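Everything on this sheet refers to the single structure shown next.
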Amino acid sequence: MRISSRVIGGVVVATLLTQLTACGSIFFPDRRGQIEGKIDPLVAGLDAIGILFYVIPGLIAFGIDFATGAIYLPNGTTAQIAPEKLHESIGTNGQVDNQKLQAIIQTELGQSLPLNDPRLIQHKGSLQQLAMYGLRPSA
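Encoded structure:
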């Protein structure tokens with residue numbers, strides 16, 4: 001009886017360890033929100049290990065990593081636009097007009113971002129963030 005409880009405990013521990021290592025969004029939370037890119041072989045390998053041991057949780061880990069974008073390698077490039085330029089994309093009601101924002105990004109950076117993509121994760125800012133950039137809310 002004592003050996004069977006140790007085996008069950010070992011299986012439970014192994015299950016938890018493989019699930020913690022099988023999800024890129026746990027190791028790389030800063031990558032969440034990416035839409036596309038090159039797939040990180042480390043994250044894909046860890047998810048594949050999850051499939052080898054437990055098929056359903058491994059597939060779920062792959063699905064989560066693709067849905068959140070954590071499976072993609074970061075591009076490593078950054079770009080900035082002056083906050084004054086971004087004022088043009090804010091409508092009279094205080095909402096951001098995605099078409100105007102996309103046009104500003106296209107002209108300033110020469111990049112086309114898919115702002116209407118359903119996988120795009122949008123975060124709301126706070127008053128402290130606006131104050132940090134020297135902006136005042138006008139809504």
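Per this note's numbering, residue 1 is the first one in the sequence shown, and the count goes up by one each step. Beta carbons: idealized from backbone N, C-alpha and C, even for Gly. Here the structure is a predicted model, which is why all the values come from computation and not from measurement.
Cβ-based neighbour list, residue 100, same chain, cut-off 7 Å, excluding 5 preceding and 5 following:
So the list reads 88, 89, once near-sequence residues are dropped.
For residue 51, which of helix, strand or coil comes out of DSSP?
Residue 51 falls in the helix class under three-state DSSP.
How about residue 50 and residue 58: do their beta carbons lie closer than 8 Å?
Yes, the Cβ-Cβ distance between residue 50 and residue 58 is below 8 Å.
Could you give the distance in angstroms between the alpha-carbon of residue 107 and the alpha-carbon of residue 72?
About 27 Å.
I need the straight-line Cα distance from residue 7 to residue 53, nearest angstrom please.
Cα to Cα, the separation comes out at about 16 Å.
What does residue 96 pair with, by DSSP beta-bridge criteria?
In the DSSP assignment, the residues bridged to residue 96 are 90.
Extent of the continuous alpha helix (DSSP H) to which residue 112 belongs
Here residue 112 belongs to no alpha helix (DSSP H), and DSSP marks it neither H nor E.
Beta-carbon proximity check, residue 56 vs residue 25, cutoff 8 Å
No.
Taking only the alpha-carbon atoms, compute the straight-line gap between residue 131 and residue 96 and give it to the nearest angstrom.
If you take the alpha carbons of residue 131 and residue 96, they lie about 18 Å apart.
Assuming residue 142 and residue 98 form a contact by the criterion Cβ under 8 Å, report the distance between their Cβ atoms to the nearest whole angstrom.
Examination of residue 142 is not possible in this model, given that the chain is present from 1 through 139 alone.
Please confirm whether residue 113 and residue 102 have their CB atoms less than 8 Å apart.
Yes, the Cβ-Cβ distance between residue 113 and residue 102 is below 8 Å.
Would you kindly work out how many angstroms separate the C-alpha atoms of residue 119 and residue 35, rounded to a whole number?
Each residue's Cα considered, the two are about 7 Å apart.
Own chain, CB closer than 7 Å to residue 85, minus 5 neighbours either side, in chain order
Around residue 85: 104, 108.
Would residue 47 and residue 61 qualify as a contact pair, given that the criterion is a beta-carbon distance under 8 Å?
A contact, by the Cβ cut-off of 8 Å.
Under 8 Å by Cβ, that's how I've got residue 75 and residue 33 pegged, so tell me the actual separation to the nearest angstrom.
In this structure residue 75 is not in contact with residue 33, their Cβ atoms being roughly 13 Å apart against a cut-off of 8 Å.
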